[in-house]
Amino acid sequence: MSLAFDLSRTPSFFRDETFRGDFTFENSPESIRRFPFPFDRDQYMYAVNIEQHMPGPPKSATAFPIDIDEHYVAEMADRAKVLAEDPLRCQSLPHMITAEWDLLELLMTSMARDYPQWFSLHRDGDRWHWVNRPLGIDQRFTFGDAATLPYGPMEYVTRQCQGDFCLLDQRDDNLWLDAGIVTSQADWSLDFDLGMNFIEWHGPVPRAHDMGIFERALKFLLNLQIGRPIRRLNWTMTINPRLDTSPENYHRWGIDRTTVTPENVGDKVHLRVELQALWRLPRSNAIVFSIRCYLIKMRELVTVPKWGRRFHRVLRDLPADLADYKGLTNYRATTLEWLAPYDDGAPTSPGFFPD
Amino acid sequence: MSEITSRPIWGKLDPADQASAHLVCAEGHGIEAVVAAFAGRDGLLSRATVVHVAPVGAARPAGLGGAAYHRHPSRATALTAFRAHLARAKMGTQVHLAGSEAFLDEASAVAVACGIVGDGLTTELSGPATRRVQCVHCKGMMDEVAVTPFACSHCGINLTVRDHYSRRLGAFMGVCADAEAPGVLPAASRF
Ligand code: HEM
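Listed in order, the protein sequences are those of chains A and B.
Just so you know, full-length UniProt numbering puts 104 at position 104 of the first sequence, and the rest follows in order with no gaps.
Just so you know, full-length UniProt numbering puts 42 at position 42 of the second sequence, and the rest follows in order with no gaps.
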């Protein structure tokens, strides 16, 4: 660590910003450098892109199992607004309570270990003491006794952790989406998908079923081992830095897709990347699926020349059915025109990272 | 109709000899599929309970042998009875559903919620191709939707029926049809 002033120890590390209304979200230069750019080559197609969830380079989005960044406080405020308007965004079937406690343990221990300046956890048997300094929370509770927390264990801990979370029960050689908190999703509904199995909830995805992707991915997940988490990246695009692009609110945000002009592409059009990680849980044998959303504006993206070139090529060559499914069709051409000057045709180096 | 992995595939009623009992729920002309499936199998009918949505005063349909027959005037009343029979059913009871798609959507969600899975449930589609649809925006449930797009009867938003089905809800998802071009609707099509 350098001797320079460490911004991450001051409250101002966390940006005061919004993901709705006036949309003041943006990324600092450091945040742009650590963006989990999802393309390791100049084209994109579905694949079983699963790797071990090993620590990445220091300061990268995968440096720690759970990534807390400068958007943390603002994202938690946005989640609270979504839940206040629509309680169905957080649901758990009764048999998932043990998995909820497993999740609380996973998140609290990771956050306290990797970000001791912000979070601490003291455990004395089942008497736990949790402190969350950025959100000003100091909570003593009894592990395993839901009555000692203001919300159920899953809701309690995920109101304090970036990313959507699903808890999957494993039975009949399948995974069942039996609990989750989903407030920053790319157009899918927890309320609708609750209780579905892996093949059912992936129903609307084009091509991937026929490519055998879901069958192979499911086989892999059924054998997921405790202590050996895995991850994958998924991506789409979002107009305005809106976290809550749910189907529930599509009648409100869908119109945004028609507001893209050559003048506003840089600010309005965002690449939306989901860093998805999966852990086997010790008590319940359930699996946690975390969906950590990262947004980057086109004008921010092109500050990394390799990413500007590459994203132009990926978007240009994306098959129409994938573009339709991802909802890009209305603004793809305008975005491509804006990106074209950043693609000089030079070759790009393999791999995700900036040159 | 497209292939959707989340959607159950309605099949043929297939009463199994080894089932300890048979619980049938049928709507309207769906009863004809029941009579056909049990034809010549009086032994099975003697262990069968039939819940039927049919008008008050309608005669007991012929061909049900020794089955216990219960007529109910509406789908809601029949499903209440069906749920009660399910709750009291003995181990090894096989469940059979016949009627319109919207009826099968709703009745199979009741069966699924009671833990009936796999070979324990057989279904047969008869009657109009209508679907049960839930508006994803206001969560209102609509039976007998025959056309897409249509206006939500609860909140008024124009909906298209997405190719996504929830067995828990027994419904397809209805999503705003004109969010990206208000007032511009795709041509209507029937299911
Ligand atoms: C086990 C936890 C997982 C959950 C809960 C989950 C959930 C979802 C959901 C809800 C969707 C959106 C479907 C819709 O349009 O309604 C989706 C899309 C998708 N999922 Fe998963 N998924 C999981 C794991 C995986 C894995 C391991 C793969 C690996 C191949 C995968 C591949 C995909 C793909 C390719 C899409 C389409 C994404 C796009 O084009 O934007 N999923 N997933």
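Here a beta-carbon is modelled for each residue, glycine too, at the ideal position from N, C-alpha and C.
- For A:T259, the nearest beta carbon of chain B is not closer than 7 Å to its own beta carbon.
- Taken in chain order, the whole beta strand (DSSP E) runs of length 3 or more contained in the region 36–79 of chain B are 48–53 and 68–72.
- The residues R309 and H312, in chain order, have a CB closer than 6 Å to that of A:D343 in the same chain once the five nearest residues on each side in sequence are set aside.
- At least one C-beta of chain B is nearer than 7 Å to the C-beta of A:I199.
- For A:L106, the enclosing alpha helix (DSSP H) stretches over residues I97 to D114.
- Burial state of A:G136 is exposed, judged by a 10 Å Cβ sphere holding fewer than 16 other Cβ atoms.
- Residues of the region 96–128 of chain B that bring their beta carbon within less than 7 Å of a beta carbon in chain A are absent altogether.
- Cβ-Cβ separation between A:Q162 and A:I226: approximately 24 Å, too far for a contact (criterion under 8 Å).
- A:R216 is classed as exposed because its beta carbon has fewer than 16 other beta carbons within 10 Å across all chains shown.
- By the Cβ-count criterion, B:A171 is buried, with 16 or more other Cβ atoms from all chains shown falling within 10 Å of its own Cβ.
- For A:D42, the three-state secondary structure derived from DSSP is coil.
- With respect to B:A81, B:A26 sits apart: the two C-beta atoms are not nearer than 7 Å.
- As computed with DSSP, B:S153 is found in no beta bridge at all.
- Distance from the Cα of B:R71 is smallest, within the candidate group B:G57, B:R83, B:L125 and B:G63, for B:G57.
- The beta carbon of A:V304 sits closer than 6 Å to those of P354, all from its chain and outside the five residues before and after it, given in chain order.
- Proximity of chain A to B:H154 at the Cβ level (cut-off 9 Å) is not reached, the minimal Cβ distance being about 13 Å.
- At a cut-off of 7 Å between beta-carbon atoms, B:S189 makes no contact with chain A.
- In the structure shown, A:I291 falls within a strand segment according to DSSP collapsed to helix, strand and coil.
- If you ignore the 5 residues before and after A:A208, its C-beta comes within less than 8 Å of the C-beta of Y46, H202 and F214, all in its own chain and listed in chain order.
- Among the bridge pairs identified by DSSP, B:Y165 is matched with B:F172.
- B:D163 reaches chain A at G203 and P204, counting residues in chain order whose Cβ is nearer than 8 Å.
- Nearest C-alpha to B:S20 among B:Q134, B:G92, B:V147 and B:G118: B:G92.
- Within 10 angstroms of the beta-carbon of B:E106 lie 16 or more other beta-carbons, which makes it buried.
- For B:E180, the chain A residues whose Cβ falls inside 7 Å of its Cβ are G254, I255, R257, T258 and N330, in order along the chain.
- The DSSP-derived three-state label of A:K81 is helix.
- The three-state secondary structure of B:G115, taken from DSSP, is coil.
- The contact set of B:R168 on chain A, defined by CB atoms closer than 8 Å, consists of L194, G195 and M196 in chain order.
- Within the chosen limit of 6 Å, the ligand HEM reaches the beta carbon of A:P204 through at least one heavy atom.
- Relative to the ligand HEM, A:N132 has its C-beta separated by 6 Å or more from all heavy atoms.
- About 7 Å separates the beta carbon of A:G180 from that of A:Q91, a gap short enough to meet the 8 Å contact definition.
- For A:M237, there is no enclosing alpha helix (DSSP H); the enclosing beta strand (DSSP E) covers residues I230 to I239.
- If you check the C-beta of A:F289 against the ligand HEM, you find a heavy atom less than 6 Å away.
- Distances from the CA of A:F14 to each of A:S31, A:P247 and A:G21 were compared; the closest alpha carbon is that of A:S31.
- Cβ atoms of A:N27 and A:E300 come within 8 Å of each other, at about 5 Å.
- In the structure shown, B:V24 adopts extended strand secondary structure according to DSSP, grouped into three states.
- For B:C138, not one C-beta of chain A is nearer than 7 Å to its own C-beta.
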